[in-house]
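Asker: Protein chains in written order, with our numbering: chain D, 573 to 1129; chain W, 158 to 593. We put the beta carbon where it would ideally sit given N, CA and C, even for glycine. First the structure, then my questions, so here it is.
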Ligand SMILES: [Zn+2]
Ligand SMILES: [Zn+2]
C-alpha cells in the first residue's frame, strides 16, 4: 500500500491506496505556522489501525519552500557569481552577501579569464565574519565548463557548511535564473533539512521505515536524500499534486485541460496524452524565474470564495478572498453563495447566501435568481478565458527550426477535468457554456493526495558532446568523458540513457518505472574552420516523463 | 531590477536545420552560439523584451517587391519564407506599437537579392528587407522609409529594388567594392533618374575600425536622415564588419555595433550577413539587442578584444573623411541632379549584367524607365538568364502618377508573349500582380 500526503493552503489531505483503490483518507486543517505537526497529524490519523509494515511507499508534498519564498523567511546566504562579458551581474543580486568576481568561460566552455584566488579568499573572510553558513557559486556557461565553480568550492569548503554550485541546478543555459535557483536551494536548505529530518524521525518512531519520497514541481518524485541537494525543487509541488491526481481520468491520445478550482484561486494546467505539459525553461511565477523543472501551470485569482463586488455597474469577482462564503458564515457574498442560491449546491445556510446575493442583485438591477446566474456564468467565463489565453500562448511559442515551424504541435484540448471543492457544480456549467466534455474528478477533495501518492520519479539529463574538443559532458551529473572523432548520434543517446537510468535510480525510482523515456531535444552541428569540417557538436536532453507509477492505472475507476 | 527602457521585439529564427551546404558560411550553426549567448544572458526573460514567433511569407508578399523567375516556389525554400515572414512579424509588432523597436535575427539573409531574382546571389534568394518594406507600405500606408545597410558587403539587391524610388532612402556602408563581393556600391551610384541621391553608397577602405564607422554615421548618415525625415528607419544589420569575420577585412567590434545602433535608433533591425559565428556574432547580436532595448551594454566585450591592435591608420581616416564629404555633396545636389536627369515622359535605358555566385547564373538586363517628376516612374526590365529564363517584368510604383500607371500597362500589353517565358506586371497602387 502507498501513502500520499499533500499539504494544501487550507487543508492537508492524506490517503492510503491499495491496488483496490482509496482505502482511507483523512483531512487535517493546515497550520502554516507549524507544518510539522500538520504533516505528523495527517500521518498519525492515517496510520491508526494500519500496520506500517504494509506500506511500500510514502510521498509527501508540502508548501514549505513555497511559504518560505512568499513570506521571505529564507535564510541569508552568500553568493559568488562570475559573469565574464555580457550584462552586468549586479542586476541579478540576490541579497546583501552577493559578490561578482572575475573569471570567464565562453559559450564553447573555453576558459577566457582565470579565477582570482586572492579575491575569493577575501570574500570568504567577509562572509565568515558576517556569519554566513551556506554559499552558492555560479559562473556563466558553467553548464559547458564547471571548472571555475569547482575550484571556488574547493577554496571555500573549509569555511562553510554546504556549498551549492550552479552547474548542478540544471543543464539549461540561463545565467540569471541559475543564480536565482542556486540561491533558492542554499536559502531553504536548512529549513528543508530540519523539517524532513524531523518528519522522518517521527515516522520511524511509528514504525514506518520505507524511503520517503518528496513531490517536485514537475509532478515527479525524488527521494528524501536527493531532495537535500535540491530543496528548491519542492517549490509549488501543490499544484503539481492536483494535476497528477487528474491524470487517471484524462483521455488517452488527446489533450485535456485541468482546472483546480479552490477557494481563492484556480490553477490551470494541460495534459497531452495523459502527460502533463512542462514549463519550457523552469518555474516562473510573477517576477520569480528559475531553472526548476515544473509543470506548466498558471494561477488565476478566482475561486469559490472570491469576493464579489459591483463597480460602476459591472460585476467583479476576486482576486481577493475575505473569508468563506456567507452561506458558511463569511462576511461577503461569493460565487459559492450564488451556487447555494441556484440550488446547484445543497449545503450551507441558504438564507444567508440569498441575503448576500441580494445586495449584488440590487446593484446590478437584477432579480436575485438572475444575479446568481450571472455570477456563476461570469465565474466560469473568466476561468475559461484565461485558459484559452494560455493555450494561445503555448501555441504561439517561438520555434527554432524549419521542421518545428512546419510540424509544430498545436494544443487543442477536447476534455476538461475539474478538481477542487466546487468541482462537480462547475463541471456541469462549463460543459453547458462551452460544449466541451467536462468531468469533475471523482474523490475531488483528495485527488491531490492521490496524485502525490501515484507520481513516479522523474528526472532529466542534458548532454553536450564536442568532437573537436574531444569530450562528452553532463556537468549537472558531474559527468565528463573523452570521446573520439567518430563519436556518433547513437553513442550520444546510449550515454544519455545510461546516465538517465542511473540518475533515476539514485533519486529513488522503482526500476519498473523507467520506461517512459523521451528525447526532449536533439541537435547536431558541424564545427567548421576555414571552410573545412573540424568536428561536430551534439546536444540532447532526455527525460523520464512525469506520470503515474504502474499497477494503479485502473484502481481509481 | 533589469528592465528594457524601450519595449523591444525579437524574432529569433536560427533555422538550425537549413544550410546552403555543410561547409558553407551560411550553414545550420550560424546562429547557434548567438542563441547560446542570449539564452545564457536571460535575454528573453527581461521585462520589456518580447519574443515573437515567425510566420511564413507568401507569394503575394514577395510579389510586392520582386519578380521571382520562373516563380516564387522555384527559388525559395521554407527557410527563405520563414526568414521573410519573421521580418514581417517584427514589422507588425513595431507598426502596431506593441513594441518601440524590433530586431529580426533570422537567416538566410536577403540584401543581395534584386528586383528580378533567378536564384541565389551572395547567399540570398529573396530580399527580406524589401519584402518587409513593401509590406509596411501596403499595410500601413507609411510613405517615407530609410534603410541603412551596415553589412560589410554592398547591399546591391536592396539598392537595386529601390533604385528608382525617391520615397525610400537607401544608404549602404560597405567595404570598398574593388576589394570585395559584389564589386559595386561606389559613391557615384546614386539611384535612377527620378530618384537621384535617394541611394547613397559609402565605400570604406579595408581596415576601417570603430572610429571610421562612427565617423560616417555621425557626419553623413545622421545628418542625411535628419533632412530626409523618414517615417521609419530600418537597419540591415550585417555583422561581417567584425574584426574576426573570415570573409571581410574590417576592424569593427561589438561595442561599436552597439553604439552604432544607439546612434541610428532603428525602428527595425534585420540581421543580414556575419560569418564569425563563434567569436563575433554572439557578442555583436547581444550588443545590438541591448542597445535597442536601452539596456547598458558596456559589459559586452569580445574576450580577445584589443583596441590598440584595431586602430585605423591616418590614411584610412583621411580616405573616409573624403568619401563622406563627397557623399554629403551629392546629397545636397540631389534635386538638381534629378532635374538634370531627363525630360518627363522620356524613356531612359540602362543595361546591366548580374552574376549569381551562389547558383552560377549569368543574367543580362535591359531596363527602360519613364522619366517622371510626379512619382518614381514606371519601368520594365527585360531579363535573360543563362542558364535560365527570359522574362519581362513591369513595375508600377506604389505612389504612381496616372501617366506612369498608363505607361506601365502599355509596357505590359505591348510585350510580345512568344519572346518571353513569362511577362510579369507588378501593379503596386492596386496591389495586383499579373502574369502572362
Ligand atoms: Zn555581408
Ligand atoms: Zn509618374
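(1) Say whether chain D places a C-beta atom closer than 8 Å to the C-beta of residue 413(W).
(2) If you draw a straight line from the alpha carbon of residue 780(D) to that of residue 767(D), how long is it in whole angstroms?
(3) Can you check DSSP and say which residues form a bridge with residue 302(W)?
(4) According to a CB-to-CB cut-off of less than 7 Å, which residues of the region 221-242 of chain W neighbour chain D?
(5) Would you mind giving the Cβ-Cβ distance between residue 536(W) and residue 525(W), rounded to the nearest angstrom? I have them listed as a contact below 8 Å.
(6) By the 9 Å beta-carbon criterion, what residues does the region 508-525 of chain W contribute toward chain D?
(7) Can you tell me which of the three DSSP states residue 190(W) falls into?
(8) Give, in chain order, every unbroken run of the alpha helix (DSSP H) that is at least 4 residues long and sits entirely within the region 963-994 of chain D.
(9) Taking beta-carbon pairs under 9 Å, can you tell me which members of the region 645-678 of chain D lie near chain W?
(10) Can you tell me whether residue 1101(D) is buried or exposed? The criterion is at least 16 other CB atoms within 10 Å of its CB, across all chains shown.
(11) Rank 848(D), 757(D), 708(D), 759(D) by C-alpha distance to the C-alpha of residue 1030(D) and give the top, closest one.
(12) Within 8 Å (strictly less), CB to CB, does residue 973(D) reach chain W?
(13) Residues of chain D with a CB under 7 Å from the CB of residue 173(W): which are they?
(14) Would you please verify whether the beta carbon of residue 626(D) is less than 8 Å from any beta carbon of chain W?
(15) Are the beta-carbon atoms belonging to residue 603(D) and residue 597(D) less than 8 Å from one another?
(16) So the candidates are 161(W), 168(W), 367(W), 158(W); which of them puts its Cα closest to the Cα of residue 970(D)?
(17) Using three-state DSSP, classify residue 399(W) as helix, strand or coil.
(18) Which residue or residues does DSSP assign as beta-bridge partners of residue 206(W)?
(19) Express the C-alpha separation of residue 248(W) and residue 299(W) in angstroms, rounding to a whole number.
(20) By the three-class DSSP mapping on this structure, what secondary structure does residue 200(W) have?
(21) How many angstroms separate the CA atom of residue 505(W) from the CA atom of residue 276(W)?
(22) Using a Cβ-Cβ cut-off of less than 9 Å, list which residues of the region 251-272 of chain W approach chain D; keep chain order.
(23) Is any heavy atom of ligand 2 found at a distance shorter than 7 Å from the C-beta of residue 534(W)?
(24) For residue 570(W), verify whether its CB is less than 7 Å away from any heavy atom of ligand 1.
(25) What's the call for residue 188(W), buried or exposed, on a 16-neighbour Cβ count within 10 Å?
(26) Here's the rule: buried if 16 or more other CB atoms are within 10 angstroms of the residue's CB, otherwise exposed. What is residue 211(W)?
(27) Which residue comes first and which comes last in the beta strand (DSSP E) that contains residue 933(D)?
(28) Out of 744(D), 886(D), 832(D), state which residue places its alpha-carbon closest to the alpha-carbon of residue 1032(D).
(29) My understanding is that residue 638(D) touches residue 710(D), with C-beta atoms under 8 Å, so please give their C-beta distance in whole angstroms.
(30) I need the straight-line Cα distance from residue 295(W) to residue 958(D), nearest angstrom please.
(31) So which residues of chain W does residue 556(D) contact, with C-beta pairs closer than 8 Å?
(32) Note the first and the last residue of the continuous alpha helix (DSSP H) segment covering residue 871(D).
(33) Should residue 1045(D) and residue 1052(D) be called a contact, given that it needs their Cβ atoms to be closer than 8 Å?
(34) Once the 5 residues before and after residue 495(W) are set aside, which same chain residues still bring their CB inside 6 Å of it?
(35) Based on the DSSP secondary-structure assignment, which residues constitute the bridge partners of residue 1101(D)?
(36) Rounded to a whole number of angstroms, what is the C-alpha to C-alpha distance between residue 924(D) and residue 790(D)?
Answerer: In short, the structure shows the following:
(1) Against the second chain, residue 413(W) aligns to sequence position 256. So no, residue 413(W) is outside the interface.
(2) As a working mapping, residue 780(D) is identified with position 208 in the first chain. As a working mapping, residue 767(D) is identified with position 195 in the first chain. Looking at the two C-alpha atoms, the distance is approximately 17 Å.
(3) Here residue 302(W) refers to the residue found at position 145 when the second chain is read from its first residue. In the DSSP output, where bridge partners are listed per residue, residue 302(W) has 325(W), 389(W).
(4) 235, 236, 239
(5) Within the second chain, the letter at position 379 stands for residue 536(W). Within the second chain, the letter at position 368 stands for residue 525(W). Sure, about 6 Å apart at Cβ, within 8 Å.
(6) none
(7) Reading the second chain from its first residue, position 33 is the one you call residue 190(W). If DSSP states are grouped into helix, strand and coil, residue 190(W) belongs with the helices.
(8) 974-979
(9) 655, 656, 657, 658, 659, 660, 661, 663, 664, 676, 678
(10) Position 529 of the first chain, counted from the first residue, corresponds to residue 1101(D). Result: exposed.
(11) For this step, residue 1030(D) is matched to residue 458 along the first chain. The residue with the shortest Cα to Cα distance from residue 1030(D) is 848(D).
(12) Counted from its first residue, the first chain places residue 973(D) at position 401. Interface residue, yes.
(13) As a first step, residue 173(W) is located in the second chain; it is residue number 16 there, counting from the start. Residues of chain D passing the Cβ test: 972, 973, 1095.
(14) Position 54 of the first chain, counting from 1, holds the residue named residue 626(D). No, no contact with chain W.
(15) As a working mapping, residue 603(D) is identified with position 31 in the first chain. As a working mapping, residue 597(D) is identified with position 25 in the first chain. Contact flag unset, no.
(16) Working through the first chain from its first residue, we reach residue 970(D) at position 398. When each option's Cα is compared against that of residue 970(D), the closest is 168(W).
(17) Reading the second chain from its first residue, position 242 is the one you call residue 399(W). In this structure, residue 399(W) counts as strand in the three-state DSSP scheme.
(18) Taking the first residue of the second chain as 1, we reach residue 206(W) at position 49. DSSP output for residue 206(W) lists 165(W) as bridge partner(s).
(19) By 1-based counting over the second chain, the position of residue 299(W) is 142. By 1-based counting over the second chain, the position of residue 248(W) is 91. Between residue 299(W) and residue 248(W), the C-alpha separation is close to 12 Å.
(20) Along the second chain, one-based indexing puts residue 200(W) at 43. Helix, per DSSP.
(21) Walking along the second chain from the start, residue 505(W) turns up at place 348. Walking along the second chain from the start, residue 276(W) turns up at place 119. Roughly 27 Å between the two C-alpha positions.
(22) none
(23) Here residue 534(W) refers to the residue found at position 377 when the second chain is read from its first residue. Checking the Cβ of residue 534(W) against ligand 2 gives yes.
(24) As a first step, residue 570(W) must be located in the second chain, where it is residue number 413. No, since every heavy atom of ligand 1 falls outside the 7 Å radius drawn around the Cβ of residue 570(W).
(25) Numbered from 1 along the second chain, position 31 holds the residue referred to as residue 188(W). Classification of residue 188(W): buried, given that the 10 Å Cβ count is 16 or more.
(26) Looking up residue 211(W) in the second chain gives position 54. Result: buried.
(27) For the purposes of this step, residue 933(D) is taken as the residue at position 361 of the first chain. Per DSSP, residue 933(D) belongs to no beta strand (DSSP E); it is in the alpha helix (DSSP H), 922-936.
(28) Residue mapping note: residue 1032(D) aligns to position 460 of the first chain, counting from 1. Residue 744(D) is the option with its Cα nearest to residue 1032(D).
(29) Within the first chain, residue 638(D) is the residue found at index 66, counting from 1. Within the first chain, residue 710(D) is the residue found at index 138, counting from 1. That pair is no contact at about 23 Å.
(30) Counted from its first residue, the second chain places residue 295(W) at position 138. Counted from its first residue, the first chain places residue 958(D) at position 386. Spanning the two alpha carbons is a distance of roughly 34 Å.
(31) Within the shown structure, residues of chain D are numbered from 573 to 1129, placing residue 556(D) beyond reach of any answer.
(32) Within the first chain, residue 871(D) is the residue found at index 299, counting from 1. Premise fails: residue 871(D) lies in the beta strand (DSSP E), 870-872, not in any alpha helix (DSSP H).
(33) Along the first chain, one-based indexing puts residue 1045(D) at 473. Along the first chain, one-based indexing puts residue 1052(D) at 480. Cβ distance < 8 Å, so residue 1045(D) and residue 1052(D) count as in contact.
(34) Position 338 of the second chain holds residue 495(W). Around residue 495(W): 353.
(35) For the purposes of this step, residue 1101(D) is taken as residue 529 along the first chain, with counting starting at 1. Residue 1101(D) pairs with 1104(D).
(36) Locating residue 924(D) in the first chain gives position 352, counting from the first residue. Locating residue 790(D) in the first chain gives position 218, counting from the first residue. Roughly 42 Å separates the two Cα atoms.
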